[in-house]
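Chains as they are written, first to last, in my numbering: chain A, 1 to 329; chain B, 1001 to 1548.
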C-alpha cells in the first residue's frame, strides 16, 4: 500500500502547484479587465483626485506583485478580503467594517454545492445504469433510443431544456415550483423540492457524456480474452458486463464523471438565472459587472480549486481501480 | 457402439471481412468419444480455434456458422437456446485459452474466478468450491495451493496461471474441455509441467478433450488421435502413432519434414581472429534491478551465434546493450576490435549502421501507416544517402533479396501482408543499412513452422551471400539446431555455457543446458512419459523452478 500512498501524495502535491499557477493566472487576468471599480462607482463625478483617493483606499495603487502576494497571503490565512461594493455601501451609511468576501460567497457556494450534489445523485446513477444497459443491448432499439435522447438533450441549449421542463412540470402539470428562490433556514424538504427542477435540467445536460463513456468503455472491453472466457464459462450477459467488464472500465468512467461534476460546480450560470437560484454563478457574473475584484478573484479560485480537486479525486480513484497498483507483486 | 460425446457433421463457418463473408471452415466432421483426447493441428489461419469454439456452439464476432450440426451428448448446440447453451458452457463443456494472463480477469482474485462457475451453475456452494479449488491446485502441483488462489492474476507466473486456468476448467468436472494452444506462450521448461499436469488431470477425471496446437511434438504427447487441418479443410485423421509413423497426405508429410532443416557445420573459428562483436564483462540493470552479471562472448564474421534461455534470462537485454539502447553498468561492447560508445546517441552514423535488429513481432515493428517501399527506403536514405531513382533501385533489389516481387509489394501497407511477409520486410529493413551484424530477436517464434523455416532458409542464404554475422536470440532449440554455429546458454543474467553447436548438443552438458535440451518435446508419443519417469514424477515442480 506504500506504493499507493506515494502516488496519492504526489498527485496532491501536483494539485497544489497547479492551484498556485492558476492563482497567478487569475490575478493577472482579472487585473487586465478594462475599467476599474473607482471609475465605475464615481460615474460622472470621476475627477482624477477622487479616483486616486478611492484607489488608494482600496490599495489599487500598489504594484501588481505586492497586491498579488497580499492577496495570496490572505488566502492562505483564510482571509478572502473585503468586497469593494459592500465596503463602499457600508461606509456611506456610516456603518463600520463591511462584508467580507467569505461572508458573501459562503451561502452562495453552499447553495451551488447543494444543487450540484442533488444533480449528481440523480444523474450519475442514471447515466451509469443507462450506459450499462446500452452496452448490454448494444445496437438494439433501446440502445439507439437512449443515444438519441441523451444526445439531443445535450445538444439543446440549457435554457431551452429548462423552459421545456418548466412548461411540462410546472405550467401544464403543476408538480414542481418553477422558481428556486431558496433562502437560509428553509426546511430541507422544501429546499429539495425547489431545487429539483434546476437539478433535472442539469441532469439532462450532463447525462449524455457519462452514459456514452460508460457504454464505450464497456464495449471496448468486450473483445478481451477474459470477457470471452466469462462467456465461455456460461455466465449471463448481464453478469459478464457488470462483474467482468465494468470493474476494468472504471478509470475512463470516473474521469468523465469528475469532469461533469466540475462543470456542475462552475458552469451553471444560465440555469441559475432561469430558475432564480441563488448560486455562486450569479454572484460571479454580478461581481464582474461592477468590477468587484476581490469577489471575482475568490470565485475564480474556488472554481479552479473545485476543478483541480475533482480531477485529482478522479485521478486517484482511477489509479486505485487498477488491481496492479492496489496489490503489487 | 455407444453414442459419441461430441458429433460435428458438415460444419461450415464463415468470417466477415469488409462486407463479404468468406469461408473459414468448409464442412468438417468430427467425432469424439467420452474420455478421448483429439489433437487438432494446423498452421495459423487453418481454422483450428474457430473450430474449437464452434464445438462449444460459440462463435467470435464477425464469424458465423452457415451449415452443419454440432451435437453434444444429444443436444444440438446450434439449435439450442442461448439459455440452454449457457447452462452447458462452463458446467459440461469448458475452455482453456492460449494466454492465461489475458484470459483471467485482472480485476478479480483467481479463486473468485474459479468458484464463479460452480456457484453460478449451482453445482457447489462457495465453500465447497473453494475447498475443491485447493484440491485441484494441489493435484496440478501448484506451489502453495492453499493461498495461491487468493492472489490476483498479475501476481502469479504464466505457467502457474495456465495450470490455474486448467483447474478452473475442471471446476464443474466437465465432460469436455477445449484446450486452445495452452502452452504456446510458455518456455520449454515450464511447458513440460503444464503438459504433464493437463495430461494427468484429463486422464484422472476421464474428461474428453480437444487439444488445439501448431506444435506436432506437443500434440504427440497429449492426443489419442490427431486431426490435421489446412485452410479450413480436414487433411487427414488417424491415431497418434499411425499419424506420426505413416502420414498418408503430402501436406502432413511436409509438416513432419520441417524439423529436418539443418545447416552444414562450418569450420571452427580461426584462433586469434578479431570478432565482429565482442561482449566483454557486461553488467546491466533496469533501474536498480540487476539483469546481467559479467556477460562475455564473441561473435565472428559470417557466423551465427544462438543465445538461448528462458524468458527473463537476459537474452534480449544483451541485445539492448549491444545496440546501445541500454548502456551497460560495467564492461564494454567492441566492434571489429574497437570499443563502441555505450550509449547509441554517442555512436557515429557508421557504427549505428553496422548493427541492425530484426524484431520478434513484425506486426508492431512496422509502422502500419507506411508502405513497404517507404519502410525500406528510410534506412537506405538515412545511412547511405541515396535519393530518387537510386533509392528506388536499391529498395527494389532489397525486395528481390527477400524474395518478394518489387512491383507487387512496393506500395503495399503492412496490413496487406502475411506474418511471414512482414517478417521478410523486417529483414529487408535491417539489410537496407548494409550492416555487418544483425540481431535477430526471436524472429521466428510468432510464425508457423513452415513459414518459420522459410525465414530461416532466407537468413541462411543472406549470410552465405553477404557474409553477415547473426546474433540469434531464441528459446526454441529446434531453431538453434537448424541455424546456429555457436551457442550461448543464459540463465538469470549469466552465461552458463558457450561453445560450438556440435559440442553443445553432445553430452556432458551443464545441468541447465541439459534441462533445456531434454525439455524440447520430441515427436515420439512416449517422450513425455519417459522423460517424467527419468526425472522422477515427483520432481516435476523442481524442474520447473530450475533448481540445479
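All residues carry an ideal CB built from backbone N, CA and C; glycine is no exception. Since we're looking at a predicted model, the values are computed, not measured.
Residue i versus residue j - alpha carbon distance
i: residue 1095/B; j: residue 241/A; result: 19 Å
i: residue 1482/B; j: residue 1202/B; result: 34 Å
i: residue 28/A; j: residue 288/A; result: 15 Å
i: residue 1052/B; j: residue 1363/B; result: 25 Å
i: residue 1479/B; j: residue 1526/B; result: 23 Å
i: residue 24/A; j: residue 1276/B; result: 60 Å
i: residue 56/A; j: residue 308/A; result: 35 Å
i: residue 226/A; j: residue 1216/B; result: 27 Å
i: residue 294/A; j: residue 128/A; result: 39 Å
i: residue 1475/B; j: residue 325/A; result: 31 Å
i: residue 1504/B; j: residue 1230/B; result: 36 Å
i: residue 966/B; j: residue 1444/B; result: For residue 966/B there is no data in the structure shown, the boundaries of chain B being 1001 and 1548.
i: residue 1199/B; j: residue 311/A; result: 52 Å
i: residue 264/A; j: residue 202/A; result: 8 Å
i: residue 10/A; j: residue 322/A; result: 17 Å
i: residue 1145/B; j: residue 1138/B; result: 6 Å
i: residue 1109/B; j: residue 1241/B; result: 41 Å
i: residue 1087/B; j: residue 1442/B; result: 42 Å
i: residue 1395/B; j: residue 1470/B; result: 22 Å
i: residue 152/A; j: residue 12/A; result: 37 Å
Per-residue contacts from residue i into chain A (C-beta, under 9 Å)
i: residue 1087/B; result: 234
i: residue 1152/B; result: 323, 324, 326, 327
i: residue 1057/B; result: In chain order: nothing, as chain A lies at least about 10 Å away.
i: residue 1117/B; result: 233, 234, 235
8 Å contact criterion, which residue i and residue j should meet: CB distance rounded
i: residue 1410/B; j: residue 1372/B; result: 6 Å
i: residue 1186/B; j: residue 1164/B; result: So it is not a contact: roughly 13 Å between Cβ atoms.
i: residue 1016/B; j: residue 1062/B; result: 5 Å
i: residue 1424/B; j: residue 1402/B; result: 4 Å
i: residue 132/A; j: residue 214/A; result: 6 Å
i: residue 166/A; j: residue 197/A; result: 7 Å
i: residue 1207/B; j: residue 1181/B; result: At roughly 18 Å, the Cβ-Cβ gap does not stay under 8 Å, so residue 1207/B and residue 1181/B are not in contact.
i: residue 1355/B; j: residue 1437/B; result: 5 Å
i: residue 296/A; j: residue 282/A; result: So it is not a contact: roughly 13 Å between Cβ atoms.
i: residue 1281/B; j: residue 1342/B; result: The Cβ separation is near 13 Å, so there is no contact.
i: residue 1183/B; j: residue 1515/B; result: Wrong, their Cβ atoms sit about 17 Å apart, outside the cutoff.
Residues bridged to residue i (per DSSP)
i: residue 1133/B; result: None; residue 1133/B has no bridge partner.
i: residue 1494/B; result: 1491/B
i: residue 1437/B; result: 1355/B, 1469/B
i: residue 1072/B; result: 1006/B, 1075/B
i: residue 1234/B; result: 1229/B
i: residue 1179/B; result: 1096/B, 1211/B
i: residue 1332/B; result: 1280/B
i: residue 1026/B; result: 1012/B
i: residue 1064/B; result: 1014/B
Coarse secondary structure for residue i, derived from DSSP in three states
i: residue 1297/B; result: strand
i: residue 1288/B; result: coil
i: residue 154/A; result: helix
i: residue 14/A; result: helix
i: residue 93/A; result: Low per-residue confidence applies at residue 93/A: pLDDT is 42, beneath 50, and the placement is therefore not dependable, though the value from the model is reported in the following sentence. Residue 93/A falls in the coil class under three-state DSSP.
i: residue 1087/B; result: helix
i: residue 125/A; result: helix
i: residue 1540/B; result: Residue placement at residue 1540/B cannot be trusted, given a pLDDT of 45 that sits under 50; the coordinates are not used to answer.
i: residue 1151/B; result: coil
i: residue 1211/B; result: strand
i: residue 1249/B; result: coil
i: residue 1254/B; result: helix
i: residue 1274/B; result: coil
i: residue 328/A; result: coil
i: residue 1404/B; result: coil
Under 9 Å by beta carbon: chain B residues contacting residue i
i: residue 248/A; result: 1105, 1106, 1107
i: residue 238/A; result: Under the 9 Å cutoff, chain B gives no residues; its nearest Cβ is about 12 Å from residue 238/A.
Proximal residues of chain B, C-beta to C-beta of residue i below 8 Å
i: residue 252/A; result: Result: empty, since nearest Cβ-Cβ is about 14 Å, beyond 8 Å.
Proximal chain B residues relative to residue i, where beta-carbon distance stays under 7 Å
i: residue 225/A; result: 1097, 1099, 1102, 1103
Residue i: contacting residues in chain A (beta-carbon distance under 7 Å)
i: residue 1120/B; result: 235
Within chain A, the residues that residue i reaches when beta carbons sit closer than 8 Å
i: residue 1090/B; result: 232, 233, 234, 235
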